[in-house]
Structures are given as structure tokens and as C-alpha cells.
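S.K.:
2 protein chains.
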Amino acid sequence: MAAKNRRIVLAARPHGEPTLQNFRLEEAVVPTPRDGEILLRTRWLSLDPYMRGRMSAAKSYAAPVGIGEPMTGGTVSEVMRSEHPDFPVGTLVQAFGGWQDYSVSDGKGLRKVDPAVAPPTTALGVLGMPGMTAYTGLLNIGEPKPNETVVVAAAAGPVGSLVGQIARIKGARAVGIAGGPEKCAYLTRELGFDAAVDHRSDDLPGALAAACPNGIDVYFENVGGAVFDAVLPLLNDFSRMPVCGLVAAYNATELPPGPDRSPLLMRAVLTKRLRMQGFIVWDFASHIDAFEREVGGWIADGSVTYREDVVEGLENAPEAFIGLLKGRNFGKLVVHVA
Amino acid sequence: MAAKNRRIVLAARPHGEPTLQNFRLEEAVVPTPRDGEILLRTRWLSLDPYMRGRMSAAKSYAAPVGIGEPMTGGTVSEVMRSEHPDFPVGTLVQAFGGWQDYSVSDGKGLRKVDPAVAPPTTALGVLGMPGMTAYTGLLNIGEPKPNETVVVAAAAGPVGSLVGQIARIKGARAVGIAGGPEKCAYLTRELGFDAAVDHRSDDLPGALAAACPNGIDVYFENVGGAVFDAVLPLLNDFSRMPVCGLVAAYNATELPPGPDRSPLLMRAVLTKRLRMQGFIVWDFASHIDAFEREVGGWIADGSVTYREDVVEGLENAPEAFIGLLKGRNFGKLVVHVA
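Going down the list, the sequences are from chains A and B. In terms of full-length UniProt numbering, the first sequence opens at residue 1 and continues consecutively. In terms of full-length UniProt numbering, the second sequence opens at residue 1 and continues consecutively.
See below:
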């Protein structure tokens with residue numbers, strides 16, 4: 001056991017794209033759990049786009065990380081010391097340990113991870129927050145019906161890849177948008193998407209239209225920007241749009257140049273009778289058991305597959321995170337910490 | 001019975017605000033009903049903002065009126081000749097007769113109007129399409145809960161006034177936005193709104209914020225523009241936004257100047273988890289009996305009141321319609337044709 005707690009803190013708020021200078025690796029004393037608490041050792045740290053939001057001071061659905069505070073993040077952690085009867089030493093848990101070696105928890109919100117059921121890293125991906133985001137948003141807001149067309153961007157990532165696979169399971173046509181031929185081939189050959197569109201295409205609107213001959217009934221929105229611009233004209237009447245992320249805008253330092261196109265968006269909402277709804281996974285917290293049971297079953301019977309992109313070493317988390325916002329990862333990005 | 005059928009046709013598509021030159025009063029032969037048809041005499045013609053959309057060639061939820069064709073519109077009409085067993089001569093019906101003295105119908109979509117139950121003009125207002133728009137959109141999409149705050153613009157009009165009154169019936173706080181002190185006083189003194197805000201105020205955002213100390217939970221969107229800009233920062237998490245009209249944009253000839261604020265709108269959808277849904281009244285056609293029964297009951301017991309603005313003479317419909325888009329009417333605008 002290391003004598004020190006390495007932790008990556010927010011050194012400064014980014015202006016635009018985060019850089020390595022926005023993070024600082026520090027060493028602190030390993031904390032001591034009090035009565036009712038446990039000491040957790042981070043085994044794997046999840047890196048996710050929402051963390052860009054936590055680096056900013058702008059009001060959002062969660063408080064920002066303070067300057068000098070450890071970056072927040074989901075982890076798979078192991079209980080090293082326990083003053084809590086429910087979590088004996090050696091227990092593996094899904095926690096919110098942050099970008100650090102050690103954290104202390106009172107047990108609230110922890111979920112035990114059974115490595116006999118699935119690889120522990122899946123608790124951060126297909127069986128964790130990203131998977132549940134896909135499952136709850138698609139089924140509760142998107143409500144895909146047989147033969148409808150479901151479009152999702154960042155489709156090779158942990159959310160998008162599950163959105164497309166669940167859409168297929170529900171009898172819908174799945175069209176994925178991803179960056180580059182390798183990811184696009186993965187979508188159609190390995191995940192069973194009906195079509196894949198490269199967002200780096202010279203003509204994204206044309207390529208997407210060709211991939212969606214019957215228009216779009218569900219657009220699972222996690223990126224915004226140019227992809228959304230290509231989607232909007234293709235949306236069918238009564239289409240649904242779960243909105244869980246806008247990665248393309250996260251690093252923006254100013255609004256795009258004019259004209260102001262928001263009246264166009266509202267006109268589409270009205271004339272096409274769109275339903276657009278923002279959500280975060282915790283809005284559907286009560287669905288977690290159904291999610292684990294159902295997606296766990298689909299993994300077990302082979303109808304859902306997943307891919308992970310594992311980076312070695314906590315010290316490499318900042319660079320990996322910066323790459324995540326640029327789409328450099330291929331699969332769920334996880335840092336192997338210990 | 002007049003020997004001629006006066007009708008107002010679309011002479012030219014407007015660029016921006018409609019003018020009298022966009023309309024033309026013609027005389028045609030009174031049509032003759034064939035077997036299974038009836039000849040209808042227009043008694044009252046409804047004028048509604050959606051008609052601006054029908055004057056444009058842009059794709060929407062309904063086909064545009066063709067150049068030289070009579071303007072479309074809801075009417076209360078009387079059966080003058082009948083070749084249809086269900087509609088004897090003298091029957092009063094809610095029809096889609098258009099801006100003309102006479103029309104022929106095969107009976108499809110007609111609803112009989114009983115003048116003993118309510119004044120026939122209400123079939124074009126509080127008990128017609130505008131009333132049902134308010135009722136279905138507010139209850140099915142807005143879903144107001146007790147003590148929530150419901151905001152509606154064009155609140156002295158037939159849709160907005162019923163939205164606010166139903167919100168009150170459901171235990172919510174109703175805040176109406178209207179143009180000028182007379183309409184605002186009407187909202188609070190006669191309709192029971194909790195607060196009224198004049199959109200001509202020097203500081204609409206400040207006035208609206210003062211009227212909504214607990215934020216906004218439901219915004220019934222029928223105007224867009226500056227009102228929506230004032231509403232957006234006040235929307236609470238999980239608020240709902242039925243969208244049935246965007247009057248402020250109907251006469252726009254180009255998009256507003258930049259920057260492009262649509263990313264701000266999408267960010268609000270995401271971080272506040274807004275639900276925004278476009279609808280037109282026919283999407284809820286199956287609710288018509290419940291609507292008539294329930295709103296009829298509220299009128300009967302005095303918990304809903306309404307106001308009509310009756311213009312005399314078909315020939316004055318164009319000018320009245322132009323005024324409608326500028327908010328010159330006060331109450332449901334109806335043309336008394338015969």
C-alpha cells in the first residue's frame with residue numbers, strides 16, 4: 001500500500017479546450033476512515049465527457065469542482081480499511097472516488113461489484129453510468145418502435161454503442177455516427193448497426209440522409225453541433241430527442257456566429273411536433289435494478305457487446321481526458337489506477 | 001339568400017407582415033351540393049394566428065393555401081340545402097368553411113352546434129379549436145401540479161386565457177403575459193390570474209422574474225421571440241414546454257442577427273432537463289369529448305370565462321386578421337358573416 005494519496009486536482013478552470021496545465025498531480029496523506037466509514041483504494045477510474053462541465057463554474061445540474069480540489073469521477077474501488085459493517089475489507093464497490101488513489105466513504109450510494117458476474121470495469125461502462133444513460137434515455141424518452149430509425153452520435157463510445165444495440169433489440173433501425181473508418185466499420189461489423197456515417201465526411205448532411213432513407217424517428221443527442229445540424233432536417237413528425245450531452249459545445253468559448261438559428265429550431269419543434277427532453281442518468285435512479293438485470297442479460301446472451309479503452313496509470317488521466325473530448329478513445333475510457 | 005358566393009382568396013403570398021394586397025374579395029357562383037353533400041352558409045368565421053402559416057409556401061403540418069384559392073378557416077355554418085340524411089336544413093354545424101359565404105361539405109369532420117347549450121361562437125373559441133389547444137396542450141404536455149407556476153403569453157387571447165384558468169383550476173399559479181394595461185388588468189381582475197406582465201414593459205425579463213418568484217414550471221409557448229428569451233432563464237429544472245405557436249416569428253423575413261443562440265437553448269434543455277414538445281390540436285383529436293364535457297362544465301359553473309371580439313362583415317376579415325397578428329384584438333377574434 002502506497003504511503004501517499006496521489007490525486008489530480010483542478011489547478012485552473014479551462015478556457016476552451018482543457019490542457020495539461022488545468023490539472024495538477026499532488027500527494028496527500030492517505031485519509032483515515034472514522035466510525036461508519038471505509039477507506040477505498042481506486043482500482044479503475046472512469047473518464048467521461050460530463051467532467052468537462054464540472055471543470056467550469058457555469059451553473060449546471062451538479063456543482064463545479066473547486067480549484068485545488070480533486071477532480072470528481074466514478075471509480076471501481078476496493079475496501080482497504082472498514083469501520084462499516086456492510087463493507088468488509090476486500091469488498092469491490094462502484095464508488096465516486098475521484099481522480100485519486102484513496103478516498104473515504106460512508107457507504108452511501110456505493111454498489112457492490114461482483115467480479116464473478118462481469119469484469120469489474122463494466123461497472124464504469126456498459127453496466128455503469130454510461131450504459132444506464134443509454135438504456136434509460138432511449139427507452140423512456142426515445143421510445144423506439146419497430147422499424148423506426150434511431151440515430152446516435154459518438155456511436156462507438158459507451159453510451160452510443162449501447163443506444164444502437166438496444167434500438168436493434170427493440171426492432172428499430174440503428175444508424176451510428178462516429179469519427180473515422182475504423183470506428184464506422186466497428187459499428188456495422190461488430191455491433192450490428194444498420195448503417196454508420198463518418199462525421200468527418202465532406203458531406204455529413206448528405207451522408208446521413210443517404211443512411212436514413214425513411215427519416216429519423218429518434219435522435220439520441222449527446223454531441224450537438226454539426227451533427228445536430230445534419231439531423232434536424234431529417235427528423236420525422238413526432239420524433240423524439242433525448243438530450244444527455246452536447247460534447248461539441250463543451251469547449252466552446254463563445255457562441256457560433258449568426259444568424260441566430262434558434263427560431264429555426266423552435267419552428268421544427270412546432271411543425272414536426274418534436275419532443276425534446278434533457279435528462280441525466282440519476283433522474284432515472286429507480287430504474288437501476290431493471291437496467292442491470294436487462295442489460296446484464298443481453299451481455300450474457302451475446303446480444304450486447306462492448307469495448308473498453310484502458311489507460312495505464314492515474315498520472316495519465318489528464319491527457320486521456322483531453323483526448324476523450326477530441327474523440328481519440330475507442331471504447332469506454334477507463335484508467336487503471338491500481 | 002345572396003345569389004353570389006363572396007369569398008376572400010389569397011392573392012399573393014406575403015413577404016413579412018400580410019397587407020390588404022395579399023387578399024382579394026371575389027364573387028363566385030353559389031356551389032350546388034351533390035348527393036351526400038350539404039350546402040353551408042357561413043354564419044361566423046374564426047380568425048386565428050395559424051392562418052399566417054397557411055399563407056406561406058413553407059413546409060408545415062398542413063398544406064398551404066394556393067394562390068387564388070379561398071383562405072381556409074373554421075366556421076359556424078348553417079345547412080341551407082341538404083342531400084345528406086344526418087344534416088337537415090337549418091342545422092348549425094362547426095365546419096371548416098373558409099373565408100366565404102358558402103361552402104359544400106360531405107359531412108366529414110362536422111360537429112353539430114346546439115345554440116341552447118352555449119352561444120354558437122364559442123364553437124370557434126373557448127369550446128372550439130383554441131380552447132381545445134389550451135386544454136390538451138396544458139394537461140397532456142404541461143402537466144401542471146399544485147403550487148407550480150404556469151406562464152402563458154398572448155394570455156388575453158382565446159388559448160392563453162384558458163391555459164391560465166385551467167392552471168388555476170389545477171391548483172397552479174397562473175402568470176399571463178399580454179400587451180398593455182387593459183389586457184393585463186383583465187387577466188388578474190376578471191380571469192383570476194395570479195399575476196400579469198405587460199410585454200411592452202421596458203424591462204420584460206425583470207418584470208417576469210418579479211412575477212415568478214419561484215421560477216417557471218410550465219411555459220405554454222405560443223409566441224416565441226422576446227417573451228421566450230425572458231422565460232428561458234426562469235425555467236425550473238424539469239419544467240415542461242408545450243409549443244403550439246410562434247406568433248412573434250410568423251412575419252419574420254429573415255433570422256435574427258447573431259450570435260447563434262441555439263447552443264444556449266440546447267444547454268438549457270440539458271442542464272435543466274426541460275421537456276419541450278410541439279403539438280397541434282388535432283394530435284389530440286380523441287380528447288374532444290372530454291374537452292367539451294370538462295370545459296363546458298367549467299363555463300357552466302363559472303370557473304371559466306371567455307371574451308370574444310366580433311368583427312362585422314366578411315369583407316373586413318383581412319384587416320381584422322392583420323390586426324390579430326399585431327395583438328390588436330381583445331378576446332377571441334370572430335367575423336360575423338351572416
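Beta carbons: idealized from backbone N, C-alpha and C, even for Gly.
A:P120 and A:P158 - do their beta-carbons sit closer together than 8 angstroms?
M.R.: no
S.K.: Considering only residues of the segment 253-337 of chain A, which uninterrupted alpha helix (DSSP H) runs meet the minimum length of 4 residues and lie entirely inside it, listed in chain order?
M.R.: 262-271, 288-300 and 317-324
S.K.: Bridge partners for residue 354 of chain B per DSSP, in chain order?
M.R.: Coverage of chain B is limited to positions 1 through 338, which leaves residue 354 of chain B absent and any answer about it impossible.
S.K.: Do the CB positions of A:T42 and A:S77 come within less than 8 angstroms of each other?
M.R.: Between A:T42 and A:S77, the C-beta spacing is below 8 angstroms.
S.K.: Quick check on B:M1 - is its C-beta less than 8 angstroms from some C-beta in chain A?
M.R.: For B:M1, the predicted structure reports a pLDDT of 48, less than 50, and the residue's modelled location is therefore unreliable. The matter cannot be settled from this model.
S.K.: Return the chain-ordered list of same chain residues with a C-beta closer than 8 angstroms to the C-beta of B:T75, the five sequence neighbours on each side being excluded.
M.R.: L40, T42, R43, W44, L45, S46, Q94, A95, F96, G97, G98, S103, L124 and V337
S.K.: Which residues, taken in chain order from the segment 272-295 of chain B, show a beta carbon closer than 9 angstroms to some beta carbon of chain A?
M.R.: K272, R273, L274, R275, M276, Q277, G278, F279, I280 and D283
S.K.: Name the chain B residues whose beta carbon is nearer than 7 angstroms to that of A:L314?
M.R.: Under the 7 angstroms cutoff, chain B gives no residues; its nearest Cβ is about 29 angstroms from A:L314.
S.K.: Could you tell me which residues DSSP puts in a beta bridge with A:E78?
M.R.: Beta-bridge pairing links A:E78 to A:R41 and A:L92.
S.K.: Between A:R54 and chain B, is the shortest Cβ-Cβ distance under 8 angstroms, so that the two count as touching?
M.R.: no
S.K.: According to DSSP, is B:F193 helix, strand or coil?
M.R.: coil
S.K.: State yes or no: is the beta carbon of B:S262 nearer than 8 angstroms to at least one beta carbon in chain A?
M.R.: yes
S.K.: Whose CA, out of A:L10, A:P85, A:A118 and A:P14, lies closest to the CA of A:G73?
M.R.: A:L10
S.K.: Should A:L92 and B:G278 be called a contact, given that it needs their Cβ atoms to be closer than 8 angstroms?
M.R.: no
S.K.: Using only the alpha-carbon positions, how far apart do B:E182 and A:A156 sit?
M.R.: 58 angstroms
S.K.: For A:F284 versus A:T136, is the C-beta spacing smaller than 8 angstroms?
M.R.: yes
S.K.: Is there a Cβ from chain A that is less than 8 angstroms from the Cβ of B:R267?
M.R.: yes
S.K.: Quick check: is the beta carbon of B:P259 nearer than 8 angstroms to any beta carbon in chain A?
M.R.: yes
S.K.: Go through its chain and collect everything with a Cβ distance to A:A116's Cβ below 8 angstroms, but skip five positions before and after it.
M.R.: none
S.K.: Spatial neighbours of B:K145 within its chain, please: C-beta separation below 8 angstroms, excluding the five flanking residues on both sides.
M.R.: Once the five neighbours on either side are set aside, the close Cβ partners of B:K145 are K170, G171, A172 and D217.
S.K.: Report yes or no: do three or more beta-carbon pairs, one from the segment 227-234 of chain B and one from the segment 202-210 of chain B, lie closer than 8 angstroms?
M.R.: With contact defined as three or more Cβ pairs closer than 8 angstroms, the segment 227-234 of chain B and the segment 202-210 of chain B are in contact.
S.K.: Can you tell me which of B:A154, B:K112, B:H84 and B:G331 puts its alpha carbon nearest to the alpha carbon of B:D289?
M.R.: B:K112
S.K.: Tell me whether B:Y102 sits in a helix, a strand or coil according to DSSP, three-state version.
M.R.: strand
S.K.: Against A:A249, what residues of chain B qualify as contacts under a CB-to-CB distance less than 8 angstroms, listed in chain order?
M.R.: P263, M266 and R267
S.K.: Check for me: the beta strand (DSSP E) holding B:S239 runs from which residue to which?
M.R.: L235 to V243
S.K.: Can you tell me where the alpha helix (DSSP H) holding B:F228 begins and where it ends?
M.R.: For B:F228, the enclosing alpha helix (DSSP H) begins and ends at G225 to V231.
S.K.: In chain A, what lies closer than 9 angstroms to B:V61 by C-beta?
M.R.: The residue you asked about is not Val; residue 61 of chain B is Tyr in the sequence shown. Here the neighbours are D237, L270, T271, K272 and R273.
S.K.: Using DSSP bridges, identify the partner residues of B:S201.
M.R.: None, per the DSSP bridge assignment.
S.K.: Which residues in chain A sit within 9 angstroms of B:L204, going by Cβ to Cβ distance?
M.R.: Ordered by position in chain A, no residue passes the 9 angstroms Cβ test against B:L204, which lies about 17 angstroms from the chain.
S.K.: What residues match up with A:R6 in a beta bridge as DSSP calls it?
M.R.: A:E27
S.K.: Out of A:R273, A:N251 and A:T305, which has the shortest C-alpha to C-alpha gap to B:S60?
M.R.: A:R273
S.K.: Which whole-angstrom value is the C-beta distance of B:H84 and B:I38, which I expect to be below 8 angstroms?
M.R.: Sure, about 5 angstroms apart at Cβ, within 8 angstroms.
S.K.: Leaving out five residues on either side along the sequence, give the residues of the same chain with a beta carbon under 7 angstroms from the beta carbon of B:Y186.
M.R.: Excluding residues within five positions, the ones whose Cβ falls inside 7 angstroms are A156.
S.K.: Find the residues of chain A that neighbour B:A252, judging by a C-beta separation of less than 8 angstroms, and give them in chain order.
M.R.: P263
S.K.: Kindly say whether A:V337, judged by its beta-carbon, lies nearer than 8 angstroms to any beta-carbon of chain B.
M.R.: no
S.K.: Looking at the structure shown, is A:I67 part of a helix, part of a strand, or coil, going by DSSP?
M.R.: coil
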